[in-house]
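Trainee: One structure, pasted below without further comment.
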């Protein structure tokens, strides 16, 4: 047994599955037909008065969000009563095997004091280029504790992106994971006063993590309370972080979030998630993603134990850690589903027939249960079955109870065991969750809370809850948050109609750093954030996503992809006249290609004068176009794995003004193209 295995085994041996306590507070009543509000929101028009009344969760949110000390101040106060309690358990990529709350904050203080010795000052912008680990968390908390603003980016980001973010954010220093990441700083390194390397050898001109901790330890001997004193002076309205997210021009945009913005999620989420101290949280998403980052703050605030994992050890870690709380992107949940179905497909035919019959009965059973209770969305509204309908559902429920129990014994128990057998709350966020996966996990008895948000909203806007887990929705707004649906002119369209989702609350960003044009587009006024997502609102206040108004494509793994730069590269081939990238909610990208018939004919030596339709039918021509796409969108040309195109379809006619696919100025109408070719796109991704 390896060192990490022993650590995890010791850590969880003392703690069996802890049940989620029953919640006394029910979902808040709906607050109006056109704007849905989370608890703690006044119904005053204009800018909301967040603290106008106490909420149904009996928490004074506003006073907690605006307490001095910001994020580190709140987390320090929460840790004071948990000194010897376990805070985190590391894996092989971590420096520390395990840390209690006292030990964690001791290291944070030492590292923070070391930062001061290097000249770090309140308000400085400091790059943080690293992957998920204990040292990422320590670096982040140390920077926030001295009032600095961190600028995080993943360690796998290309050098050009890292250099751009560091330069654009006007960073004066940087903390990087390893020597290899120092090189990624590129020309931006010239503007940096110092660079810290967290792991491995620190090259000349940089500082190691241990060196900085040693500097801080010596400094704290003169004033042991220096860091806590600095933390207590932090203004919650001051900037905490600049998180760069994709921009329509290809360059990332720097989302400015204050301590108050992020503290909103720390305060608002615990009651909705339902965990409690000493629950185990398995952490494996990138910490620099706003979703994972906010969750880590929440679990530290609530005394939940963090267990670090990664994509290579995740399967084993589910068994070793037996987590009670997990957050994942849709691809994680789909992977468990696909693996289970694939395993069933390998069984002998009689076994498959039995299992499939049980699963079909189970689907009918759970569907009947939900519809009988009215927990079902129909045509954008909650169904309200009459007495006769409820009786019919009850009959179906009774008739399919046995197949459901068979499915549980044959299939669902194995899935729950693969997740460790202890999960009380699972959250999906960072991308659209496939409906069939959502429904299957529900039938399997796994409480999956689908959430919604953006980096620009710190990030959570809506979340399904234990009490109201309505499939097909993203839930209701979290406390102190409003959501409305507007048309192209910004007018509220009310419930039951599609439009752009806008959100308002204390978690909404301050704007994009040094990008007034993008800020104005995202923040149209009166505190509203234009999410760019298309959705609708039920009369009960549940929000549903139906598409995207923005061009940004969100893959199932949570990756944001801007299609325009990829389309431009695809169209650099002489054989391709136009292209539209598709794939929102899918595992990979696809592309609709308009060929240049003359160019293709020239390359392949085709006779006559072929048109688009004949090119689309020619196997050699379509193979050539697929090869062109693969050649252009490749790692060698600077594209990341998730930006590569897995599906190619050759269109039989060009885009035009007459078909409505081009504007008068010959710009592509992406939504019209996707609507006209909806069947083609569905078929393109039919095999996953």
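Numbering (this note's numbering), first residue to last: 37 to 724.
Backbone N, C-alpha and C fix where the C-beta goes; we use that ideal spot for every residue, glycine too.
Since the structure is predicted, the reported quantities are computational estimates derived from the model, not experimental observations.
Just confirm the distance between the C-beta atoms of residue 165 and residue 276, as a whole number of angstroms; I'd bet it's less than 8 Å.
Mentor: In the chain shown, the residue the question calls residue 165 occupies position 129. In the chain shown, the residue the question calls residue 276 occupies position 240. No, residue 165 and residue 276 are not in contact; Cβ-Cβ is about 18 Å, not under 8 Å.
Trainee: Excluding five sequence neighbours on each side, which residues of the same chain lie with their C-beta closer than 8 Å to the C-beta of residue 570?
Mentor: On the chain shown, residue 570 is found 534 positions in, with the first residue counted as 1. These residues qualify, in order along the chain: 534, 535, 536, 537, 581, 582, 583, 584 and 585.
Trainee: Kindly identify the DSSP beta-bridge partner or partners of residue 498.
Mentor: Reading the chain shown from its first residue, position 462 is the one you call residue 498. Looking at the DSSP assignment, residue 498 forms a beta bridge with 488 and 513.
Trainee: Is the separation between the beta-carbon of residue 317 and that of residue 359 shorter than 9 Å?
Mentor: Here residue 317 refers to the residue found at position 281 of the chain shown. Here residue 359 refers to the residue found at position 323 of the chain shown. Yes, they are a contact pair.
Trainee: With DSSP collapsed to three states, give me the class of residue 595.
Mentor: Locating residue 595 in the chain shown gives position 559, counting from the first residue. The answer is coil: DSSP assigns residue 595 none of H, G, I, E or B.
Trainee: How should residue 481 be labelled, buried or exposed, when 16 other C-beta atoms within 10 angstroms of its C-beta is the threshold for buried?
Mentor: As a position in the chain shown, residue 481 is number 445, starting the count at 1. The residue is exposed, with fewer than 16 neighbouring Cβ atoms inside 10 Å.
Trainee: Could you round the C-beta distance between residue 126 and residue 134 to whole angstroms and report it? I think they count as a contact, below 8 Å.
Mentor: Sequence index remark: in the chain shown, residue 126 carries index 90 (1-based). Sequence index remark: in the chain shown, residue 134 carries index 98 (1-based). With a Cβ gap of about 7 Å, residue 126 and residue 134 count as contacting.
Trainee: If you draw a straight line from the alpha carbon of residue 197 to that of residue 238, how long is it in whole angstroms?
Mentor: Position 161 of the chain shown, counted from the start, is the residue given in the question as residue 197. Position 202 of the chain shown, counted from the start, is the residue given in the question as residue 238. Taking the straight line from one Cα to the other gives about 22 Å.
Trainee: Please state whether DSSP places residue 206 in a helix, a strand or coil.
Mentor: Within the chain shown, residue 206 is the residue found at index 170, counting from 1. DSSP places residue 206 in coil when its eight states are reduced to three.
Trainee: Rank 591, 112 and 660 by C-alpha distance to the C-alpha of residue 334 and give the top, closest one.
Mentor: The residue given as residue 334 occupies position 298 in the chain shown. It is 112 whose Cα lies nearest to the Cα of residue 334.
Trainee: Candidates 714, 716 and 618: which alpha carbon is nearest residue 681's?
Mentor: What you label residue 681 is simply residue 645 of the chain shown in a count that begins at 1. The candidate whose alpha carbon is nearest that of residue 681 is 618.
Trainee: What does DSSP give as the partner residues of residue 464 in its beta bridges?
Mentor: Position 428 of the chain shown holds residue 464. For residue 464, which the question treats as bridged, DSSP gives the partners 364 and 486.
Trainee: Considering only the beta carbon of each residue, do residue 706 and residue 590 sit closer than 9 Å?
Mentor: Here residue 706 corresponds to residue number 670 of the chain shown, with the count starting at 1. Here residue 590 corresponds to residue number 554 of the chain shown, with the count starting at 1. No. Outside cutoff.
Trainee: Run through the DSSP bridge pairs and tell me what residue 704 is partnered with.
Mentor: Position 668 of the chain shown, counting from 1, holds the residue named residue 704. According to DSSP, which records beta bridges pairwise, residue 704 is partnered with 698.
Trainee: Tell me the DSSP secondary structure of residue 270 in three-state form.
Mentor: In the chain shown, counting from the first residue as 1, residue 270 sits at position 234. It is coil, neither helix nor strand.
Trainee: Determine the closest residue to residue 233 out of 245, 227, 147 and 225, with distance taken between C-alpha atoms.
Mentor: Numbered from 1 along the chain shown, position 197 holds the residue referred to as residue 233. Ranking 245, 227, 147 and 225 by Cα distance to residue 233 puts 245 first.
Trainee: Rounding to the nearest angstrom, what Cα-Cα distance links residue 466 and residue 593 in this structure?
Mentor: Along the chain shown, one-based indexing puts residue 466 at 430. Along the chain shown, one-based indexing puts residue 593 at 557. One C-alpha to the other measures close to 7 Å.
Trainee: Quick one: any contact between the stretch 398–405 and the stretch 363–383, if contact means 3 or more CB pairs under 8 Å?
Mentor: They do not touch, by the three-pair rule.
Trainee: Among 486, 455 and 458, whose alpha-carbon lies nearest the alpha-carbon of residue 471?
Mentor: Your numbering for residue 471 matches position 435 in the chain shown. Of the candidates 486, 455 and 458, the one whose C-alpha sits nearest the C-alpha of residue 471 is 486.
Trainee: Give the straight-line distance between the Cα atoms of residue 157 and residue 167, rounded to the nearest whole angstrom.
Mentor: Along the chain shown, read from residue 1 onward, the residue named residue 157 stands at position 121. Along the chain shown, read from residue 1 onward, the residue named residue 167 stands at position 131. Their Cα atoms are separated by approximately 24 Å.
Trainee: Does the structure place the stretch 496–516 close enough to the stretch 293–309 that three or more beta carbon pairs sit under 8 Å?
Mentor: Taking 8 Å as the limit for Cβ pairs, the verdict is that the stretch 496–516 does touch the stretch 293–309.
Trainee: Using C-beta distances below 7 Å, list every residue in its chain close to residue 474, excluding the 5 sequence neighbours before and after it, in chain order.
Mentor: On the chain shown, residue 474 is found 438 positions in, with the first residue counted as 1. These residues qualify, in order along the chain: 484, 486 and 507.
Trainee: Per DSSP, residue 528 forms a beta bridge with which residues?
Mentor: Counting from 1 along the chain shown, the entry for residue 528 is found at position 492. Looking at the DSSP assignment, residue 528 forms a beta bridge with 522.
Trainee: Any idea what DSSP makes of residue 628, helix, strand or coil?
Mentor: Translated into positions along the chain shown, residue 628 becomes position 592. Here residue 628 sits in strand by DSSP.
Trainee: Would you tell me roughly how many angstroms separate the C-alpha atoms of residue 421 and residue 342, rounded to the nearest one?
Mentor: Position 385 of the chain shown, counting from 1, holds the residue named residue 421. Position 306 of the chain shown, counting from 1, holds the residue named residue 342. Spanning the two alpha carbons is a distance of roughly 43 Å.
Trainee: Could you pull out every residue in the same chain whose Cβ sits closer than 7 Å to the Cβ of residue 721, ignoring the five residues on either side in sequence?
Mentor: For the purposes of this step, residue 721 is identified with residue 685 of the chain shown, where counting begins at 1. Closer than 7 Å at the Cβ level, and outside the excluded window around residue 721, lie 622, 626 and 683.
Trainee: Give every residue of the same chain whose Cβ lies closer than 6 Å to the Cβ of residue 395, excluding the five residues on either side of it in the sequence, and list them in chain order.
Mentor: The residue you call residue 395 lines up with position 359 of the chain shown. Closer than 6 Å at the Cβ level, and outside the excluded window around residue 395, lie 443.
Trainee: Please tell me whether residue 209 and residue 231 are closer than 9 Å, where the distance is taken between their beta carbons.
Mentor: Position 173 of the chain shown, counting from 1, holds the residue named residue 209. Position 195 of the chain shown, counting from 1, holds the residue named residue 231. Against a cut-off of 9 Å, the Cβ pair of residue 231 and residue 209 comes out as a contact.
Trainee: Pull up the distance between the alpha-carbon of residue 566 and that of residue 72, whole angstroms please.
Mentor: Here residue 566 corresponds to residue number 530 of the chain shown, with the count starting at 1. Here residue 72 corresponds to residue number 36 of the chain shown, with the count starting at 1. Distance between the alpha carbons of residue 566 and residue 72 is about 15 Å.
Trainee: Do you know how far the Cα of residue 495 is from the Cα of residue 297?
Mentor: Walking along the chain shown from the start, residue 297 turns up at place 261. Walking along the chain shown from the start, residue 495 turns up at place 459. Using only the alpha carbons, I get a separation of about 9 Å.
Trainee: Flag this pair as yes or no: are the beta carbons of residue 574 and residue 509 separated by less than 9 Å?
Mentor: For this step, residue 574 is matched to residue 538 along the chain shown. For this step, residue 509 is matched to residue 473 along the chain shown. Contact: yes.
Trainee: When you compare each of 207, 223, 228 and 235 to residue 214 by their alpha carbons, which one comes out closest?
Mentor: The sequence position of residue 214 within the chain shown is 178, counting from 1. With distances taken between Cα atoms, residue 214 lies closest to 235.
Trainee: Roughly how many whole angstroms lie between the Cα atoms of residue 212 and residue 259?
Mentor: The residue given as residue 212 occupies position 176 in the chain shown. The residue given as residue 259 occupies position 223 in the chain shown. Going by the C-alpha atoms only, they are around 28 Å apart.
Trainee: Between residue 147 and residue 178, how many whole angstroms is the CB-CB distance? I'm expecting something under 8 Å.
Mentor: The sequence position of residue 147 within the chain shown is 111, counting from 1. The sequence position of residue 178 within the chain shown is 142, counting from 1. Going by Cβ atoms, the distance from residue 147 to residue 178 rounds to 4 Å, so yes, they are a contact pair.
Trainee: Look up residue 349 in the DSSP assignment and say whether it is helix, strand or coil.
Mentor: Position 313 of the chain shown, counted from the first residue, corresponds to residue 349. In this structure, residue 349 counts as coil in the three-state DSSP scheme.
Trainee: Use the C-beta contact count for residue 613: other C-beta atoms within 10 angstroms, 16 or more gives buried, fewer gives exposed.
Mentor: Sequence index remark: in the chain shown, residue 613 carries index 577 (1-based). Buried, by the Cβ-count rule.
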